[in-house]
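Here the sequence shown is numbered in our numbering, starting from 40 and rising by one per residue.
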Amino acid sequence: MLVVQDIEVSYGAVAAVKGISFNVGKGELVTIIGANGAGKSTTLNAIMGLVPITAGDMLMKGQTLTRVSVENRVGLGMSYSPEGRRVFKSLSVLENLKAGGTTLSKDVAAERIDRVMAHFPTLQERRDQVSGTLSGGEQQMLAIARALVSDPEFLILDEPSLGLAPKIVSQVFEIISELRGYGVTILLVEQNISKSLAVADRAYVMELGLIVKSGFAAELADDPEIHDSYLGTAG
Ligand SMILES: Nc1ncnc2c1ncn2[C@@H]1O[C@H](COP(=O)(O)OP(=O)(O)OP(=O)(O)O)[C@@H](O)[C@H]1O
Ligand SMILES: [Mg+2]
40 MLVVQDIEVS YGAVAAVKGI SFNVGKGELV TIIGANGAGK STTLNAIMGL VPITAGDMLM
100 KGQTLTRVSV ENRVGLGMSY SPEGRRVFKS LSVLENLKAG GTTLSKDVAA ERIDRVMAHF
160 PTLQERRDQV SGTLSGGEQQ MLAIARALVS DPEFLILDEP SLGLAPKIVS QVFEIISELR
220 GYGVTILLVE QNISKSLAVA DRAYVMELGL IVKSGFAAEL ADDPEIHDSY LGTAG
């Protein structure tokens, strides 16, 4: 589905991603783990076309993304739920979902929104509520739901469970597993490393802009180094 080859991203003089390569196969759930500032969000932003790469290449279904706009990446089946529950707080739930379907015709968007709502009963009940008044968990559900309106083949999620109560975290991970069950290819970045390794097929470990380790998620979950660095006693 996605092949990333030696990409580099810099913010001015600061190199945030220093030549990393990885791939996500069709139907796979791949997670990128790593400490704060490792370059995970930057990598996802680059894949979505929100920050420019200064070297390397990215291929989606064999096609280079180099000159493809964000909108056209959505057209290729990609969808992104960025870090920090970025919902439009002054808009209603329904209006936020419509914003996820701007690349679709009105009729198709309406049908997709109905389908997505069916999976999120709370959002259905609150469709006319101003999103800024939703709870944190509900806003996160909305951010994920909005990314699903385009019916993506390839879903990119950045820290979907950040700051949520444990029960809601479990719900978010249930939704992720369910989506995978439907055949959606997923690239997941999460600070909840034990849960993300439990749900993923494969994982990449990032440190200071580089990939330092990769493998099957189950193997990494048992790796003593991963355990010491990232799972600790909280894992
Ligand atoms: N817009 C920006 N301008 C300048 N530097 C940035 C910008 N965004 C990120 N950086 C820097 O790039 C590096 C990687 O940041 P990034 O947000 O990709 O890390 P991350 O792995 O997602 O971290 P976290 O787990 O905290 O979300 C950091 O050193 C960060 O300070
Ligand atoms: Mg981040």
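Glycine included, every Cβ here is placed at the ideal spot set by N, Cα and C.
Hey, is the segment 83 to 94 in contact with the segment 166 to 175, meaning 3+ C-beta pairs nearer than 8 Å? no
Between the segment 180 to 191 and the segment 110 to 126, are three or more C-beta pairs nearer than 8 Å? yes
Within 10 angstroms of the Cβ of A52, are there 16 or more other Cβ atoms? Answer buried if so, exposed if not. Its Cβ having fewer than 16 others within 10 Å, A52 is exposed.
Assigned exposure category for D153 - 16 Cβ within 10 Å defines buried: exposed
S178, DSSP secondary structure in three states: At residue 178 the sequence reads Gln, which differs from the Ser that was named. Correct three-state label for Q178: helix.
State the DSSP-derived secondary structure class of F127, mapped to helix, strand or coil. coil
Just to confirm my understanding: we take P199, look at its own chain, exclude 5 residues before and 5 after, and list those with CB closer than 8 Å. What are they? S120, Q179, A182, I183, V211, I215, L227 and E229
Which class does A52 belong to by DSSP, given the choice of helix, strand or coil? coil
Mind reading off the beta-carbon distance from F61 to V43? Whole number of angstroms is fine, and I expect it under 8 Å. 5 Å
Cβ-Cβ separation, E47 to V56 (assumed contact under 8 Å), whole Å: With 8 Å as the limit, V56 and E47 qualify as a contact, their Cβ atoms being about 6 Å apart.
Using a Cβ distance threshold of 8 Å, determine whether the segment 132 to 143 contacts the segment 72 to 80, with at least three qualifying pairs required. no
Once DSSP output is grouped into helix, strand and coil, what is the label at A273? Interpretation of A273 is limited by its pLDDT of 46, a score under 50 that renders its predicted location unreliable; no figure is taken from the coordinates.
Between L270 and I232, is the Cβ-Cβ spacing less than 8 Å? yes
Which residue's Cα is closest to the Cα of A77: I250, E192 and S131? I250
Closest by CA to K65, which one among D197, K100, S268 and S209? Looking at the Cα atoms, K100 is the closest of the given residues.
On a Cα-Cα basis, can you pick out the residue from R125, L83, A242 and G248 that is closest to A351? The shown model of the chain, from 40 to 274, leaves out residue 351, and the question about it has no answer.
Closer than 5 Å to ligand 3: residues, by C-beta to nearest heavy atom, in chain order: Within the structure as shown, ligand 3 is missing, the only ligands being ligand 1 and ligand 2.
Mark A148 as exposed unless 16 or more other C-beta atoms lie within 10 angstroms of its C-beta, in which case mark it buried. buried
First and last residue of the uninterrupted alpha helix (DSSP H) at M40: Run containing M40: none; DSSP gives neither H nor E here.
Going by other Cβ atoms of all chains shown within 10 Å of its Cβ, with 16 needed for buried, is V155 buried or exposed? Burial call: buried.
Look at the alpha carbon of S268 and the alpha carbon of L130, and state the distance between them as a whole number of angstroms. Spanning the two alpha carbons is a distance of roughly 41 Å.
Counting only runs that start and end within the segment 224 to 260, where is the beta strand (DSSP E) found for 3 or more residues in a row? 224 to 228, 241 to 246 and 249 to 255
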